[in-house]
Structures are given as structure tokens and as C-alpha cells.
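Taking our numbering, the leading residue of the sequence shown gets 3, the next gets one more, and so forth. From the three backbone atoms N, C-alpha and C, an ideal C-beta is built for every residue, glycine too.
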Amino acid sequence: QVQLVESGGGLVQPGGSLRLSCAASGIVFSTNNMGWFRQAPGKERESVAAISWSGRITYFLDSAKYRFTISRDSAKNTVYLQLNSLRFEDTAVYYCAGGSNWPPTRHWGQGTQVTVSS
Numbered sequence: 003q004v005q006l007v008e009s010g011g012g013l014v015q016p017g018g019s020l021r022l023s024c025a026a027s028g029i030v031f032s033t034n035n036m037g038w039f040r041q042a043p044g045k046e047r048e049s050v051a052a053i054s055w056s057g058r059i060t061y062f063l064d065s066a067k068y069r070f071t072i073s074r075d076s077a078k079n080t081v082y083l084q085l086n087s088l089r090f091e092d093t094a095v096y097y098c099a100g101g102s103n104w105p106p107t108r109h110w111g112q113g114t115q116v117t118v119s120s
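Next comes the structure, spelled out in C-alpha cells:
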């Protein structure tokens with residue numbers, strides 16, 4: 003049974019930082035591309051960042067470049083999303099995803115809420 007479990011969301015002020023984690027089980031983590039999506043109320047889900055199975059290729063949404071960092075730790079079967087310089091418009095439910103496609107969309111976590119508010 004595949005499980006992707008996100009953690010690390012919360013309430014943060016504009017300009018603040020959060021680190022999201024996604025622990026994977028039930029998949030061969032080292033051969034899966036991993037990614038993060040987000041969905042704000044009334045909006046479509048969008049890909050925020052992705053990292054290839056090797057870690058050598060990354061993708062970022064334009065608005066996330068230079069603010070967000072994605073990384074993976076194969077020893078822990080975990081992918082991380084470091085969110086810096088957060089803005090009001092980053093408020094959304096953030097979902098972890100994995101799979102062989104790009105960006106990965108085969109397996110999904112349950113989501114973690116990120117709220118940027120003063």
C-alpha cells in the first residue's frame with residue numbers, strides 16, 4: 003500500500019519560512035520522481051516543484067523560483083520542500099506526489115495546509 007504522508011504545514015507571517023516533509027512508503031522511493039503541488043480555494047491544483055528520482059533534475063513554478071527549495075533523502079524515503087519568503091498568495095493545501103511521470107502524479111498524499119497571514 004502506497005502512502006505519502008505530509009507534515010510541516012502551518013500558519014506563518016509574510017516573509018516567514020516553513021519546511022514541508024513527505025514520508026513515502028510502499029514505493030521504491032529511489033526510482034520515483036517526487037513533487038509538490040498546491041491548491042488554493044477556488045483554484046486549480048498546480049505543480050510547485052519536482053525533483054527527479056536521481057535528484058539531478060528539478061522544476062519550480064516561476065513564482066517559487068529562488069524562494070522554494072526541493073530536496074530528497076533516499077535513506078529516509080523523504081522529500082522536502084523548503085518555503086522561504088512566503089507570500090499571502092502561497093496560502094494553499096500542499097500535496098506531495100510521486101511517480102514515474104514528470105511532474106509525478108501517480109501517487110498522492112493527503113495534503114498539508116499552509117496559511118500565510120499577518
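Determine whether the beta carbon atoms of Asn79 and Phe39 lie at a separation below 9 angstroms.
no
How is the beta strand (DSSP E) around Ile53 delimited, first residue to last?
48–53
If you count every other CB in all the chains shown that lies within 10 Å of the CB of Ile59, and 16 or more means buried, which is it?
exposed
Tell me which same chain residues have a C-beta within less than 7 angstroms of the C-beta of Gln115, skipping the five on either side of it?
Gly11, Val95
Hey, how far is the Cα of Gln112 from the Cα of Ser56?
25 angstroms
Rounded to whole angstroms, how far is the Cβ of Val118 from the Cβ of Pro43, which I believe are closer than 8 angstroms?
Not quite, the Cβ-Cβ distance comes to about 13 angstroms (not below 8 angstroms), so this is no contact.
Along the chain, where does the beta strand (DSSP E) containing Gln41 start, and where does it finish?
35–41
Please say whether Glu91 and Ser65 have beta carbons closer to each other than 9 angstroms?
yes
Helix, strand or coil for Ser65 per DSSP?
helix
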